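Peer 1: Structure below; questions to follow.
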Amino acid sequence: PAGKSSPTEKGEVTAAAVCASCRVPAHGHRTLELALAWDMPRVHFGSKEKLHLRRYTRFFGSGGDAAPALSHHALTHYEEWERKIEAWQKPILENSQLPSWYKSALFNELYFMTDGGTIWVELPPDCHAEDLQGPAGAGFSHLLPVLREYGRFAYLEGQEYRMYNTYDVHFYASFALVMLWPKLQISLQYDIAVTVVNEDVQPRQYLMGGQTAQVKLKNVVPHDIGDPGDEPWQRVNAYLMHDTADWKDLNLKFVLQVYRDYYLTHDSLYLRDMWPVCQAVMESELKFDTDNDGLIENGGFADQTYDAWVVNGASAYCGGLWLAAVCMMCKMAEVLGDAEIQQKYTDILSKGKEAFERMLWNGKYYNYDSSGSDSSSSIMSDQCAGQWFLGACGLDQGELEVFPKSHVVSALKTIFEKNVMSFAGGTMGAVNGMRPDGVPDTSSVQSNEVWIGVVYALAATMIQEGLVEEGFRTAEGCYRTVWERLGMAFQTPEAYREKKVYRSLAYMRPLSIWSMQLALE
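Quick look at the structure:
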């Protein structure tokens, strides 16, 4: 019946049906339209400390009585939505140069944008810049207008790894946001920037090594924006394995995203606001260059996104990200007319490039690290991550070239030959680590995994370097394994092994497939 009804009791099962009727003339047809709407405007996280209103409440109110209006809106707009979706997807779907599996992967991996425990909320109307800036009062001129207009956005690292906006992973996934919803990427970056300049001095004991340290240091990038079971944005760094203030990749991934976002959006207000933060996190990062050779060193523990794979000394992954970030500091300083900083980082870059080549290049690819350990000479599928971002920003040519072209191509061809084609018959993507003799690296629980999001990024790097066929072949292995063989469609895991093992279903990183599209475009 129409009108009010009492809510169902806990445990009570209920069902509803909608029916409509019409006359269908002989040889004729009629269309019936049905709409289904949920109205759940108010959100509390686990701590119940704050009430959040979802983004759509600015159009439909937060009274919880908007379902009829939402249904009406859907029925009067769905044809237009379909037209717009068509216009967006058609050029890709009708491009006969692109394989069918890729078209499926590209659009369907986007399931995680909404199914990733995703939350998009309004700023409270009485919110002031000071409330957002935190005690440090960062002075971002554009922070309030951006968050006012576009709200706050957060999605989980994965449905099993429940931390919001896990930043070392978002680095990969962020291509989907910046290419499709660029203002949400910029809003997310402002939230991270505010966290960078503030600290949380509460002590906490970490699981690895049992060390105690403060939850969040000033001028370092957080691991995540918080736990949905607590109060995200308010209390960050829900990750308990390591003290990530000592991780080597987080600060660099912030700098790389800032320039990439600027390059793709031309948002100079954003660049100007982020510039002091980039300087602060790079200054924090410089302490990891212990021998002053222009290249940072890893600390002998798993101090980066591969959080169970130990790295010691100079490394292909973090060293490469470092040089790419240094290059982008030079470029941003040039754009903003900061000659002093430009000179500082230009000097670091020329020293660091020389050290990187001397310590890691072995004639075919970049060694995993410079420690001389048994797994030092492993072939890491992600060794060109810095080059991936440089290529996405057009910073890989001429005098800007950080890694010699011939070395990048040789490394990618080696990865294709060893990590892709010598693993599972070339049908499962690229294994993270491969020994030079063609046996997967089993020195850690992560070195013999395939990480789907890393493989899509690797494929994009191959495409950027002109190895288009190899790129598609590499990514296809992951798509077919996940979506066809394992039956994990719409829950792409973080990782699988050649046999019997997968880990962390419904994960953020595979959204990196959008970097393949950027490379193709």
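All residue numbers in the sequence shown are consecutive under this note's numbering, ending with 555.
All C-beta atoms in this analysis are idealised placements derived from N, C-alpha and C, irrespective of residue type, glycine included.
Being a predicted model, the structure only gives us computed values, none of them experimental.
#1: Comparing C-alpha positions only, which one of Gly-406, Gly-420, Ala-367 and Glu-374 sits nearest to Lys-387?
#2: Among Val-489, Tyr-351 and Glu-391, which one has its Cα closest to the Cα of Met-462?
#3: Count the other C-beta atoms from every protein chain shown that fall within 10 angstroms of the C-beta of Pro-438, then say buried if there are 16 or more, exposed otherwise.
#4: Apart from the five residues just before and just after Val-203, which ones in its own chain have a Cβ nearer than 7 Å to its Cβ?
#5: Report yes if the CB atom of Met-496 is closer than 9 Å to the CB atom of Phe-450, and no otherwise.
#6: Please state whether DSSP places Leu-74 in a helix, a strand or coil.
#7: Note down, in chain order, each residue of its chain lying with its Cβ closer than 7 Å to the Cβ of Leu-87, except the 5 sequence neighbours on either side.
#8: Taking 9 Å as the cut-off, decide whether the C-beta atoms of Gly-328 and Ile-413 are in contact.
#9: Mark Ile-119 as exposed unless 16 or more other C-beta atoms lie within 10 angstroms of its C-beta, in which case mark it buried.
#10: Which same chain residues, not among the five before or five after Ser-410, have their C-beta less than 8 Å away from its C-beta?
#11: Please identify the residue among Glu-128, Ala-279, Gln-291 and Trp-395 whose C-alpha is closest to the C-alpha of Pro-216.
#12: Just to confirm the assignment, what range does the beta strand (DSSP E) spanning Val-155 have?
#13: Can you tell me the Cα-Cα spacing of Pro-262 and Tyr-198, whole angstroms?
#14: Among Leu-539, Val-442 and Arg-117, which has the Cα closest to the Cα of Phe-390?
#15: Tell me where the beta strand (DSSP E) around Phe-187 begins and ends.
#16: Should Asn-326 go down as buried or exposed, given a rule of 16 or more other Cβ atoms within 10 Å for buried?
#17: Distance, Cα to Cα, Gly-185 vs His-61?
#18: Just reading off the alpha helix (DSSP H) that Arg-507 is part of, what are its end residues?
#19: Can you list, in chain order, the residues of its chain whose CB lies under 6 Å from that of Tyr-297, leaving out five sequence neighbours each side?
#20: Which same chain residues end up closer than 6 Å to Leu-305 when comparing Cβ atoms and leaving out the 5 residues on each side of it in sequence?
#21: What span of residues does the alpha helix (DSSP H) with Lys-217 cover, start to end?
#22: In terms of alpha-carbon separation, which member of Thr-324, Asn-346, Leu-424 and Glu-317 lies closest to Ala-358?
#23: If I measure Cβ to Cβ from Tyr-195 and keep anything under 6 Å in the same chain, skipping five residues before and after, which residues do I get?
#24: Looking at the unbroken alpha helix (DSSP H) that takes in Glu-165, where does it start and where does it end?
#25: Start and end of the beta strand (DSSP E) containing Phe-335?
#26: Find the nearest neighbour of Leu-68 within the set Asp-160, His-107 and Gln-223, judged by alpha-carbon distance.
#27: Compute the Euclidean distance between the alpha carbons of Gly-151 and Lys-534, then round it to the nearest angstrom.
#28: Any idea what DSSP makes of Ala-247, helix, strand or coil?
#29: Is Leu-520 near Glu-143, with beta carbons less than 9 Å apart?
#30: Compute the Euclidean distance between the alpha carbons of Ser-221 and Phe-187, then round it to the nearest angstrom.
#31: Measuring alpha carbon to alpha carbon, tell me which of Glu-555, Ser-549, Ala-553 and Leu-554 ends up nearest Ser-208.
#32: Can you tell me the Cα-Cα spacing of Val-255 and Thr-148, whole angstroms?
#33: Look at the Cβ atom of Tyr-351, then the Cβ atom of Gln-417, and state whether they are nearer than 9 Å.
#34: Please list the segments of the alpha helix (DSSP H) lying wholly inside the segment 347 to 400, counting only runs of 4 or more residues, in order along the chain.
#35: Kindly confirm or deny that the segment 272 to 287 and the segment 329 to 337 touch, where touching means at least three C-beta pairs closer than 8 Å.
#36: What is the DSSP secondary structure of Trp-281, counted as helix, strand or coil?
Peer 2: Taking the coordinates as given:
#1: By one-based count along the sequence shown, residue 387 stands at place 353. For Lys-387, the nearest C-alpha among the options comes from Gly-420.
#2: Residue 462 sits at position 428 when you count from the first residue of the sequence shown. It is Val-489.
#3: The residue labelled residue 438 in the question sits at position 404 within the sequence shown. With fewer than 16 other Cβ atoms within 10 Å, it is exposed.
#4: Indexing the sequence shown from 1 puts residue 203 at position 169. Excluding residues within five positions, the ones whose Cβ falls inside 7 Å are Glu-191, Thr-339, Met-542 and Arg-543.
#5: In the sequence shown, counting from the first residue as 1, residue 496 sits at position 462. In the sequence shown, counting from the first residue as 1, residue 450 sits at position 416. The answer is yes: Cβ separation under 9 Å.
#6: Working through the sequence shown from its first residue, we reach residue 74 at position 40. In the sequence as presented, Leu is not what sits at residue 74; that position holds Met. The answer is coil: DSSP assigns Met-74 none of H, G, I, E or B.
#7: As a position in the sequence shown, residue 87 is number 53, starting the count at 1. Once the five neighbours on either side are set aside, the close Cβ partners of Leu-87 are Pro-75, Arg-76, Ser-96, Val-155 and Glu-156.
#8: The count along the sequence shown starts at 1 and reaches residue 328 at position 294. The count along the sequence shown starts at 1 and reaches residue 413 at position 379. For Gly-328 and Ile-413, no; Cβs fall outside 9 Å.
#9: On the sequence shown, residue 119 is found 85 positions in, with the first residue counted as 1. Counting C-beta atoms within 10 angstroms of its own C-beta, Ile-119 has fewer than 16 neighbours from the protein chains shown and is therefore classed as exposed.
#10: Position 376 of the sequence shown, counting from 1, holds the residue named residue 410. Result list for Ser-410: Asn-401, Tyr-402, Asp-403 and Ser-404, in chain order.
#11: Along the sequence shown, one-based indexing puts residue 216 at 182. Ranking Glu-128, Ala-279, Gln-291 and Trp-395 by Cα distance to Pro-216 puts Gln-291 first.
#12: In the sequence shown, residue 155 corresponds to position 121, counting from 1. Taken as a continuous stretch (DSSP letters only), the beta strand (DSSP E) holding Val-155 covers 153 to 155.
#13: For the purposes of this step, residue 262 is identified with residue 228 of the sequence shown, where counting begins at 1. For the purposes of this step, residue 198 is identified with residue 164 of the sequence shown, where counting begins at 1. Going from the Cα of Pro-262 to the Cα of Tyr-198 covers about 7 Å.
#14: Your numbering for residue 390 matches position 356 in the sequence shown. In this structure, Val-442 is the residue among Leu-539, Val-442 and Arg-117 with its C-alpha nearest to the C-alpha of Phe-390.
#15: Along the sequence shown, one-based indexing puts residue 187 at 153. Start and end: 186 to 188.
#16: Translated into positions along the sequence shown, residue 326 becomes position 292. Asn-326 should be labelled exposed.
#17: The sequence position of residue 185 within the sequence shown is 151, counting from 1. The sequence position of residue 61 within the sequence shown is 27, counting from 1. Going by the C-alpha atoms only, they are around 51 Å apart.
#18: On the sequence shown, position 473 is the one that residue 507 refers to. 502 to 513 is the span of the alpha helix (DSSP H), which, as asked, contains Arg-507.
#19: Walking along the sequence shown from the start, residue 297 turns up at place 263. If we look at Tyr-297 and ignore the five residues flanking it on each side, its Cβ neighbours are Cys-427.
#20: In the sequence shown, the residue the question calls residue 305 occupies position 271. Result list for Leu-305: Tyr-296, in chain order.
#21: On the sequence shown, position 183 is the one that residue 217 refers to. Counting along the chain, the alpha helix (DSSP H) containing Lys-217 begins and ends at 216 to 231.
#22: Taking the first residue of the sequence shown as 1, we reach residue 358 at position 324. Ranking the options by Cα distance to Ala-358, first place goes to Leu-424.
#23: Here the question's residue 195 lines up with position 161 in the sequence shown. The residues are Ser-538.
#24: Numbered from 1 along the sequence shown, position 131 holds the residue referred to as residue 165. Sequence check: residue 165 is Asp here, not Glu. Run containing Asp-165: 163 to 167, per the alpha helix (DSSP H) assignment.
#25: For the purposes of this step, residue 335 is taken as the residue at position 301 of the sequence shown. Unbroken beta strand (DSSP E) run through Phe-335: 332 to 335.
#26: Reading the sequence shown from its first residue, position 34 is the one you call residue 68. That would be His-107, whose Cα lies nearest to the Cα of Leu-68.
#27: Locating residue 151 in the sequence shown gives position 117, counting from the first residue. Locating residue 534 in the sequence shown gives position 500, counting from the first residue. Answer to the nearest angstrom: the Cα atoms are 27 Å apart.
#28: Locating residue 247 in the sequence shown gives position 213, where the first residue counts as 1. In this structure, Ala-247 counts as strand in the three-state DSSP scheme.
#29: Here the question's residue 520 lines up with position 486 in the sequence shown. Here the question's residue 143 lines up with position 109 in the sequence shown. Not closer than 9 Å, so no.
#30: Within the sequence shown, residue 221 is the residue found at index 187, counting from 1. Within the sequence shown, residue 187 is the residue found at index 153, counting from 1. Between the alpha carbons of Ser-221 and Phe-187 lies a distance of about 7 Å.
#31: Numbered from 1 along the sequence shown, position 174 holds the residue referred to as residue 208. Ranking the options by Cα distance to Ser-208, first place goes to Ser-549.
#32: For this step, residue 255 is matched to residue 221 along the sequence shown. For this step, residue 148 is matched to residue 114 along the sequence shown. Rounded to the nearest whole angstrom, the CA to CA distance from Val-255 to Thr-148 is 25 Å.
#33: As a working mapping, residue 351 is identified with position 317 in the sequence shown. As a working mapping, residue 417 is identified with position 383 in the sequence shown. Yes, the pair counts as a contact, with Cβ atoms nearer than the cut-off.
#34: 350 to 370 and 373 to 394
#35: yes
#36: By one-based count along the sequence shown, residue 281 stands at place 247. In this structure, Trp-281 counts as coil in the three-state DSSP scheme.
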